[in-house]
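Chains as they are written, first to last, in full-length UniProt numbering: chain A, 1 to 286; chain B, 1 to 286.
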C-alpha cells in the first residue's frame, strides 16, 4: 500500500494529483525519476556510488541505501513511471523532527546552462545560501502534543537570523511557541558520540579528502525521534543523511569546496549551540 | 630611496607612471590607498585587525605587520598620497619564487553593488575560481640562472589543468622549461614542519573557527628562496602570508566558508603533490 511520506519536509510532494515520492510503510521510499536530465543524473549517481569501491563503509551509511529502479503507477495518475527505490530514512521513527539543509553557498555548477545558472544564482543570493553557505529547505519539529511545520512560503523567506534561531528551536521543547528556544534537547541531539555534530565531523573529514563527486544542490537531512525512550521525552535515533543527487558531478580530482565550506559553516553553528545553549548572542550578531 | 618592489607578481605596479606600491629596501612596503572605498576598507581592516585581541599570535604572523599610514609622493607623479606602511614580505630573500593565489570560489560578497558583483562573477566563472575554489593571480619561479614569470595575460588564461601543473612547476628545478615538472623541491618547500602545507593547515584550523572577518578577494602569497643554503640550491625561508584586504567584511558570527572551502581545495592539491610528486594523474584528471 503506497502512500505519500508523512515526514517529507522539502521537494515535490505526491499530493493533490502531483508527481512525488511514495513509501510502502515497510522501509522503502520510491522517488519518481524527474523527467528532464535530473532524473537520469540522480540514477547515474546512485548507480556509480553503489559500485564505487573507494567509499568508506562509515560514509556509505550517510547515504540512502539504493535498491535499484522500479516502474510504479505515478502519484499524479499519469501511468507507469520509473522510480528510484531507496531506503526510507524515517523508517522506525514515530514522531520525527526533521530539517532539510541545502548545503553550499552556490547551487549552480560551473558548466550549468545559462538559464539554470541564473535561476540558482538568484535563489542563492535571495536565500541564506550565499551568506551562510547553506539554507533551510524545510523542517518539522515534533513534540509530544504539538508540531511546528512552517509552510514552503515561510521557509523561503528565512533570513540568517531566522536560521540561527531555528537551529536552536529544532532542539527545543515547546517548538510551536514563539518564546526564546530553550535548547532542552541540544546535548542529546547535537552532542555525544552519535549526535549530529559527531556525524557532521565524520562527513567533513571525508569531504576534505574525496575528489570523486561534487554535490551541487544536495541536502543534509537531520532527523531524530522523541519516541521510545524511558521517559518518552529523551530524543534518540539521531540520523544524519545526505539526499538529493540530481546535480552531482564528477569531482575530476578536485574536492567539493563548495559543499565543504557550507558544511563547516553548519558545523560551527551546531558547535556554538552545544557550547552555550543559553547564549543567544549568535542570533543577535546578524 | 623608494622603488617598485622587484618581486611583486600581482596587483597594480608602480611603473610607467602608474600608481603602485614601493619599497624602501630596508624592510618596509608602502601601498598607496586606493582612491575608492577599497583604500578606506583596507585601512579599516588593518586598524581593526591590529587591535583585535582575539587573533592568536601564530595567526598574526601570517599577516603583514602594519606600521600605520604615511603621506608619500605617489609613484604616478600625482603628488602626495596616503600609503599603508606594511612589512615587506620579501625582505631578506635574494631570489624568491613567489605565487599569489586568490582564495575563494567567489570574489563578490553578498552585499556587493550590482556592477561590482557582475564583474567579479564573470571573472570567477572565466577563471578557475568557481571550479577550483581559487585562482592564480601571478607568479614568478626563480632558479639559479633562469626565471619563469608569465605575463598578466598568460596568468588570466590559466585553466584548471594549468593550475595543477603550475603548482608542481613552482617547486621544480628548471622552471623555465616546458618539460614535465620534476618537483625537485616539493618536499623542501611544501613539506616539513615549517613548509607550506603545515602553514596552510594552521590557517585552516583558524578559518574553521574564526567568525570575525570574511576575506573576499584576498590572496595567499607563497614565497621561498633558494639562496643562502649550503649547496645554493636547497630552498629555505618558506613564507606563507595573507594579503589584499580591500574587500574584508565583518564576519557577523559566521565563518568565512568561501575562503575556507578554497583553502581546503588548495591544501588538497599541495598534499597530492607531496604524496606523489612524480604522479601527474592529478593534472590529467581535468
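We put the CB at the ideal spot given by N, CA and C, even for glycine.
Everything numeric in this text was worked out from a predicted model, so none of it was measured.
With 16 other Cβ atoms within 10 Å as the buried cut-off, status of residue i
{"i": "residue 179/B", "result": "exposed"}
{"i": "residue 78/A", "result": "exposed"}
{"i": "residue 230/B", "result": "Any reading at residue 230/B is ruled out, since the residue's pLDDT is 47, under 50, leaving its predicted position unreliable."}
{"i": "residue 15/B", "result": "exposed"}
{"i": "residue 80/B", "result": "exposed"}
{"i": "residue 83/B", "result": "buried"}
{"i": "residue 197/A", "result": "buried"}
{"i": "residue 60/A", "result": "exposed"}
{"i": "residue 276/B", "result": "exposed"}
{"i": "residue 258/A", "result": "buried"}
{"i": "residue 169/A", "result": "buried"}
{"i": "residue 208/B", "result": "buried"}
{"i": "residue 47/A", "result": "exposed"}
{"i": "residue 64/B", "result": "buried"}
{"i": "residue 151/B", "result": "exposed"}
{"i": "residue 53/B", "result": "exposed"}
{"i": "residue 214/B", "result": "buried"}
{"i": "residue 1/A", "result": "exposed"}
{"i": "residue 36/B", "result": "exposed"}
{"i": "residue 157/B", "result": "exposed"}
{"i": "residue 192/A", "result": "exposed"}
{"i": "residue 146/B", "result": "exposed"}
Alpha-carbon spacing of residue i relative to residue j, whole angstroms
{"i": "residue 284/B", "j": "residue 159/B", "result": "With a pLDDT of only 46 at residue 284/B, under 50, the local geometry of the prediction cannot be trusted, and the value read off the model is given with reservation. Straight-line Cα distance between these residues: approximately 12 Å."}
{"i": "residue 98/B", "j": "residue 90/B", "result": "9 Å"}
{"i": "residue 38/A", "j": "residue 153/B", "result": "38 Å"}
{"i": "residue 62/B", "j": "residue 55/B", "result": "11 Å"}
{"i": "residue 225/A", "j": "residue 32/B", "result": "59 Å"}
{"i": "residue 104/B", "j": "residue 30/A", "result": "38 Å"}
{"i": "residue 107/A", "j": "residue 92/A", "result": "32 Å"}
{"i": "residue 136/A", "j": "residue 165/B", "result": "39 Å"}
{"i": "residue 112/B", "j": "residue 218/B", "result": "15 Å"}
{"i": "residue 204/B", "j": "residue 70/A", "result": "45 Å"}
{"i": "residue 181/A", "j": "residue 174/A", "result": "8 Å"}
{"i": "residue 23/A", "j": "residue 58/A", "result": "25 Å"}
{"i": "residue 167/B", "j": "residue 268/B", "result": "12 Å"}
{"i": "residue 220/B", "j": "residue 12/A", "result": "43 Å"}
{"i": "residue 88/A", "j": "residue 141/A", "result": "19 Å"}
{"i": "residue 270/A", "j": "residue 201/A", "result": "11 Å"}
{"i": "residue 76/B", "j": "residue 18/B", "result": "4 Å"}
{"i": "residue 51/B", "j": "residue 110/B", "result": "26 Å"}
{"i": "residue 131/B", "j": "residue 210/A", "result": "15 Å"}
{"i": "residue 265/B", "j": "residue 102/B", "result": "12 Å"}
{"i": "residue 124/B", "j": "residue 255/A", "result": "17 Å"}
{"i": "residue 43/B", "j": "residue 251/B", "result": "17 Å"}
{"i": "residue 184/B", "j": "residue 66/B", "result": "35 Å"}
{"i": "residue 199/B", "j": "residue 237/B", "result": "12 Å"}
{"i": "residue 72/A", "j": "residue 161/B", "result": "45 Å"}
Under 8 Å by beta carbon: chain B residues contacting residue i
{"i": "residue 132/A", "result": "254 and 257"}
Contacts that residue i makes with chain A (C-beta to C-beta distance below 8 Å)
{"i": "residue 110/B", "result": "125, 130 and 131"}
{"i": "residue 52/B", "result": "Those do not exist, as residue 52/B stays about 16 Å from chain A at its closest Cβ, beyond 8 Å."}
Closer than 9 Å at the beta carbon, the chain A residues around residue i
{"i": "residue 114/B", "result": "Correct list: empty, because the minimum Cβ distance to chain A is about 11 Å."}
Residue i: CB within 8 Å of a non-hydrogen atom of the ligand ATP
{"i": "residue 248/A", "result": "No copy of the ligand ATP appears in this structure; indeed no ligand is present at all."}
Cross-chain neighbours of residue i in chain B, by beta carbon under 7 Å
{"i": "residue 180/A", "result": "Near residue 180/A there are no residues of chain B at all, since even the closest Cβ is about 17 Å away, more than 7 Å."}
Residues bridged to residue i (per DSSP)
{"i": "residue 3/B", "result": "23/B"}
{"i": "residue 138/A", "result": "100/A"}
{"i": "residue 224/A", "result": "97/A"}
{"i": "residue 219/B", "result": "102/B and 243/B"}
{"i": "residue 276/A", "result": "Per DSSP, none; premise fails for residue 276/A."}
{"i": "residue 32/B", "result": "83/B"}
{"i": "residue 69/B", "result": "84/B"}
{"i": "residue 299/B", "result": "The first residue shown for chain B is 1 and the last is 286, placing residue 299/B beyond what the model contains."}
{"i": "residue 147/B", "result": "142/B"}
Residue i at chain E interface by Cβ criterion, 9 Å
{"i": "residue 121/B", "result": "Of the protein chains in the structure, A and B, none is chain E."}
Check your understanding: What are the residues of the segment 247-269 of chain B that lie near chain A, defined by any Cβ-Cβ distance shorter than 7 Å?
Key -> 252, 253, 254, 255, 257, 258, 260, 261, 262, 264, 265 and 268
Practice item. Quick one: which residues of the segment 85-107 of chain B get their C-beta closer than 8 Å to a C-beta of chain A? List them in chain order. Key: 105 and 106
Review point. Listed from N- to C-terminal order along the chain, which residues in the segment 206-226 of chain B have their beta-carbon within a distance smaller than 9 Å of any beta-carbon of chain A?
Key: 207, 208, 209 and 211
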